[in-house]
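Only one structure is covered here, and it is reproduced in the block below.
2 protein chains.
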Amino acid sequence: MNIPELPVDADTTDQESVYARLRHAIMVGTIEPGTNLTMRGLADAMGLSPTPVREAVRRLSSENAIEILPNRRMAIPEMTLGRFEELVALRITLEVHAAERSLPYLSDHVIEKLQQLDDEMDIALSEENLDKLTILNLKFHRMLYSVNPNQVSVPAIESVWLQLGPFQRQVVKRVKEFYKIDRHKEILTALRARDVAALMNATESDIREGSSRSGRRVLTENLPTT
Amino acid sequence: MNIPELPVDADTTDQESVYARLRHAIMVGTIEPGTNLTMRGLADAMGLSPTPVREAVRRLSSENAIEILPNRRMAIPEMTLGRFEELVALRITLEVHAAERSLPYLSDHVIEKLQQLDDEMDIALSEENLDKLTILNLKFHRMLYSVNPNQVSVPAIESVWLQLGPFQRQVVKRVKEFYKIDRHKEILTALRARDVAALMNATESDIREGSSRSGRRVLTENLPTT
DNA sequence: AGTTCACAAATGATATCACATATGCTAGAT
DNA sequence: ATCTAGCATATGTGATATCATTTGTGAACT
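These protein sequence lines map, in sequence, to chains E and G. Sequential numbering of the first sequence, starting at 161, is according to our numbering. Sequential numbering of the second sequence, starting at 161, is according to our numbering.
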């Protein structure tokens, strides 16, 4: 198992950096569904003792990114069509909610930064750098929802991202087939117009087209439907 | 700090039981907002070494039930009016979503069990057993949302309950002032009629009246508004 | 060849220890 | 009396050791 390192500032705790590394790896789909993990294996891979690894894994298990089996072993959960569709539906509900509640706090400056992120995404797409595309996409959404100063939904949203993550590589490969219209441009237009209804619509379409269609295709080809 | 014990079956791990105990205590509001916690303090209180306590605490921190401060100390987060209103709004969005997606899987047998829970709540209310009332209420909601076999929203919902928990005792004391109409009865009626719109309406009203109004009152009386 | 049992290796869970940092208290200076 | 410096204590973090349980392997048996 090879978990890429991540830049960390000096004061971060080992537990924290393990958490960040695993989280990142899961979210971009580095680790495939069904992968079995061991505390000592991860600890060895990262050159640490099992202690901080256990703490990081526990956190991820509470976010439903890692599954603790009855035999006390750990695994990345398998994806099924039913679970996938529930996750996408939840993602839409949560992100439409978060977008709606961010709009009143939105400044032109943030819109500008969102625009820049979208530009970077265009570059990543043309370079076929799919992991980077994924990260930038999530960063775009996170930034929008975080402008609400009392925001409490981002952690829930990130948990859904984590659960969809292992499946991400398979989905994103097909994204060009289904993602004909650039919904981020629509989101940006709605933001500039401060148009709530348009924003909610564009957000839903973005998520649905970015994951649902291609994801379902992959799943009906490969996986059990239960 | 006195964290009540909880019944556990033989095979549960120490870490797991600490997690369950803390979680329960936070959810019914045993621990007040702003309370400072220490690993060793909790460990001593439960007769365990710090190791399993750390893991349980880490999990709860990832569910935003416990806050890790920059000095690496831990505390139960303070509540503010802004955060409170965001939490209630998120609770409504999530639970309306979950209720809607459970309805298609609902059996008469489950409706019967929900009815029984509601009866128990009436008794708890007449006995003024407020902690029990809280637990039964959450159990009622959890049972409904869990009939969806592919359900993925309950963990997110429980995280919101956890974040509202420390505030629960103050709110529930006032519940009689605002909770004039029994919205659980309305939910049950909607379930029996398989009426989605009525279900969603009743769910929203139940949550809003059960927490929002009395909660806001408590907060505007006591706390900073930021 | 396939099955079963026994033993070895791997793994998870927890306590303990060592270390670094943060906190709190006391004594001295102003 | 108040502030500050310094030291003792408390606390968080992580490595290690130990034990119980699970997994895996190989030999004996059918």
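Note that the Cβ used here is the ideal one computed from N, Cα and C, for glycine as well. Keep in mind the model is a prediction, meaning the values are calculated, not measured.
Close to Gly242 (chain G), with beta-carbon spacing below 8 Å, are these residues of chain E in chain order: Pro309, Asn310. According to DSSP, Glu381 (chain G) shares a beta bridge with no other residue. With respect to chain G, the C-beta atom of Asn361 (chain E) has no partner C-beta closer than 8 Å. In the three-state scheme derived from DSSP, where H, G and I count as helix and E and B as strand, Met239 (chain E) is classed as coil. Its Cα nearest to that of Arg233 (chain E), the residue E:Arg214 stands out among E:Thr363, E:Arg214, E:Glu272, E:Val178. For the alpha helix (DSSP H) assignment, the uninterrupted runs of no fewer than 4 residues enclosed by the segment 228-277 of chain E are, from N- to C-terminal side, 241-262. Taking a cut-off of 8 Å on C-beta distances, the segment 231-246 of chain E does not touch the segment 225-240 of chain G, as fewer than three cross pairs fall below it. Judged by DSSP secondary structure, Asn361 (chain E) falls within the alpha helix (DSSP H) whose first and last residues are 356-367.
In the three-state scheme derived from DSSP, where H, G and I count as helix and E and B as strand, Asn310 (chain E) is classed as coil. When 8 Å is used as the limit between beta carbons, His257 (chain E) is near these residues of chain G: Ala249, Leu250, Thr253, in chain order. Here the C-alpha atom of Glu288 (chain E) lies approximately 14 Å from the C-alpha atom of Asp279 (chain E). Spatial neighbours of Glu227 (chain G) in its own chain (CB-CB distance under 6 Å, excluding positions within 5 residues in sequence) are listed in chain order as Ala235, Pro237.
Ser371 (chain E) is a Cβ neighbour of Val248 (chain E), given a cutoff of 8 Å. Judged by DSSP in its simplified three-state form, Asn289 (chain G) adopts coil rather than helix or strand.
Taking the CA atoms as reference points, Leu322 (chain E) sits about 16 Å from Lys292 (chain E).
The beta carbon of Leu182 (chain E) lies closer than 7 Å to those of Ile163, Ala216, Leu220 in the same chain, with the five residues before and after it left out. Judged by DSSP in its simplified three-state form, Leu166 (chain E) adopts coil rather than helix or strand.
In terms of Cβ geometry, Leu254 (chain G) and Ala350 (chain G) do not form a close pair [threshold 8 Å].
Excluding the 5 residues flanking it on each side, Leu166 (chain G) has same chain C-beta neighbours closer than 8 Å at Ser177, Ala180, Arg181, His184, in chain order. Interface with chain G (8 Å Cβ-Cβ cutoff): Asn224 (chain E) is included.
Distance between Leu290 (chain G) and Lys299 (chain G), taken at the CA atoms: about 14 Å. In this structure Leu296 (chain E) does not touch Ser262 (chain E) by the C-beta definition: roughly 18 Å separates them, more than the 8 Å allowed.
By alpha-carbon distance to Glu272 (chain G), the top candidate from G:Asp169, G:Leu348, G:Thr380, G:Ala225 is G:Leu348. Note: Asn196 (chain E) is bridge-paired with E:Ala235 in the DSSP secondary-structure output. Residues of chain G whose Cβ lies closer than 8 Å to the Cβ of Arg219 (chain E) are, in chain order, Arg218, Arg219, Ser221, Ser222.
Separation of Ala362 (chain G) and Val356 (chain E) (C-alpha to C-alpha, rounded to the nearest whole angstrom) is 25 Å. Close CB contacts of Lys345 (chain E) within its chain, under the 8 Å cut and outside five residues either way in sequence, are with Asp278 (chain order). According to the DSSP assignment, Glu346 (chain E) belongs to the alpha helix (DSSP H) that extends over 343-352.
In this model, Val314 (chain G) and Leu208 (chain E) are separated by some 34 Å (Cα to Cα).
Taken in chain order, the members of the segment 290-319 of chain G whose beta-carbon sits within less than 8 Å of a beta-carbon on chain E are Asn308, Pro309, Asn310, Gln311, Val312, Ser313, Pro315, Ala316, Ser319.
In terms of Cβ geometry, Ser319 (chain G) and Asn224 (chain G) form a close pair [threshold 8 Å].
Distance from the CA of Val168 (chain G) to the CA of Gln175 (chain G), rounded to the nearest whole angstrom, comes to 12 Å. A straight line joining the alpha-carbon of Gln328 (chain E) with that of Lys333 (chain G) spans about 46 Å.
Where Asp174 (chain E) is concerned, the enclosing alpha helix (DSSP H) starts and stops at 174-188. Assigned with DSSP and collapsed to three states, Arg334 (chain E) falls in coil, not helix or strand.
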